[in-house]
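Structure record follows, encoded as structure tokens.
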Amino acid sequence: HDLYGLKFYYAHVLRKPWTNTNLIKPPKTRRLPDIVTVEEAKRLFMATRIPSYRVFYFTIYSLGLRLGEGLRLQVGDIDAGYQRVHIRNAKGNKDRLVPLPDVTLNLLRRFWKVHRNPVLLFPNRSGGLKVARSAKTPLDRAGVGTALHKVVQTCGLKKRSHPTACVIAMQPI
1 HDLYGLKFYY AHVLRKPWTN TNLIKPPKTR RLPDIVTVEE AKRLFMATRI PSYRVFYFTI
61 YSLGLRLGEG LRLQVGDIDA GYQRVHIRNA KGNKDRLVPL PDVTLNLLRR FWKVHRNPVL
121 LFPNRSGGLK VARSAKTPLD RAGVGTALHK VVQTCGLKKR SHPTACVIAM QPI
């Protein structure tokens, strides 16, 4: 992106032709995320006041999902018989199967009985739980991220994180 800025500056500000020079780009740094301990995860879940967010956070934690993968989950993606979840359009536009722990399956079943949406596992609840039954869109990504950021602050976690990428890397239970 910087290269395009330089080209624009040369062409439109300096009004000089851009000569294609071999510019050296610094290597991209990749940092590993901080891992949340089991105790920190428990504190996070207990501090989450909105039940649908609490179930959502526990689900992405226990399945090791990214935020967007969790939001896209549908009822039909759950295979209780083989205890696995079909993750569609994951990173790299690939599908994958992840193991489904008993505790997560039971929690999702109880949560589904509350909203009973035939398609979405985490329907948008902006009109209340009765409207969630017929919702066509999942929970709001920004709302989920903002709520989790507030919970992290409330818990006093000092983890280096990014709010849209599952916020903090968590080890599976």
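Using UniProt numbering, you'd call the opening residue of the sequence shown number 1 and step up by one each time.
Cβ coordinates follow ideal geometry from the N, Cα and C atoms, glycine included.
Cβ distance (whole Å) where residue i is taken to contact residue j below 8 Å
i           : j          : result
residue 138 : residue 75 : Going by Cβ atoms, the distance from residue 138 to residue 75 rounds to 12 Å, so no, they are not a contact pair.
residue 98  : residue 84 : 7 Å
For residue j and residue i, the rounded distance between their alpha carbons
i           : j           : result
residue 64  : residue 94  : 16 Å
residue 166 : residue 114 : Confidence at residue 166 is low in this model, with a pLDDT of 46, below 50, so its placement is unreliable and the value that follows should be read with caution. Each residue's alpha carbon lies about 24 Å from the other.
residue 37  : residue 105 : 22 Å
residue 48  : residue 151 : 6 Å
residue 91  : residue 70  : 12 Å
residue 14  : residue 60  : 51 Å
residue 197 : residue 8   : The chain is shown only over 1 to 173; residue 197 falls outside these bounds and no answer can be derived.
residue 80  : residue 111 : 15 Å
residue 20  : residue 67  : 40 Å
residue 6   : residue 17  : 11 Å
CA nearest to the CA of residue i, picked from the options
i           : options             : result
residue 26  : 90, 140, 121 and 3  : 3
residue 109 : 149, 56 and 146     : 56
residue 72  : 18, 133, 123 and 16 : 123
residue 146 : 9, 28, 61 and 50    : 50
For residue i, the residue or residues it bridges with in DSSP
i           : result
residue 138 : 123
residue 79  : 84
residue 153 : DSSP lists no partner for residue 153.
**Request:** For the region 85-130, list the beta strand (DSSP E) runs that are entirely contained and at least 3 residues long, ordered along the chain.
**Result:** 94-99
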